[in-house]
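Note that our numbering numbers the sequence shown so that position 20 is 37, with each residue one more than the last.
Contents: one structure, followed by commentary.
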Amino acid sequence: MCQSNAYFAQDGEEELILEDVVSVKPEGDKIQLVSLFGEQKTIDAKIKFIDLIHHKIIFEKQNA
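Right under this line is the structure:
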């Protein structure tokens, strides 16, 4: 499968945002995530890094 899990990175920890993400779309200063099952979340964050081997998308909160 090609989906990844999305996480916030903060203080060396990873906080799960959404599992089985299949779409990441910029929406102005926010990012919309959509899961394999149609669940949607819009977050105020920027991409920190993407780890395709481990199926992770790591975000940093914009207004932390």
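In this text, a Cβ means the ideal position worked out from N, Cα and C, and glycines have one as well.
As the structure is a prediction and not an experimental result, all values here were calculated from the model.
Inset, instruction - If I'm right that ALA23 touches LYS65 with Cβ under 8 Å, what's the distance once you round it to whole angstroms? - result: For this step, residue 23 is matched to residue 6 along the sequence shown. For this step, residue 65 is matched to residue 48 along the sequence shown. About 11 Å separates the two Cβ atoms, so there is no contact after all.
Legend entry - Closest residue to ILE74 among ASN80, LEU50, GLU44, GLU56 (Cα-Cα distance): Stepping through the sequence shown from its first residue, residue 74 is reached at position 57. ILE74 has its Cα closest to that of LEU50, out of ASN80, LEU50, GLU44, GLU56.
Inset, instruction - Give a yes or no on whether the C-beta atoms belonging to ASP46 and GLN79 are separated by under 8 Å. - result: Position 29 of the sequence shown holds residue 46. Position 62 of the sequence shown holds residue 79. It is a contact, given that the beta carbons lie within the stated cut-off.
Legend entry - Same chain, Cβ closer than 8 Å to LEU69, neighbours up to 5 away in sequence not counted: Along the sequence shown, read from residue 1 onward, the residue named residue 69 stands at position 52. Correct list, in chain order: SER21.
Legend entry - Buried versus exposed call for PHE54 [16 or more other C-beta atoms within 10 Å across all chains shown]: Counted from its first residue, the sequence shown places residue 54 at position 37. The residue in question, PHE54, is exposed, as its Cβ has fewer than 16 Cβ neighbours within 10 Å.
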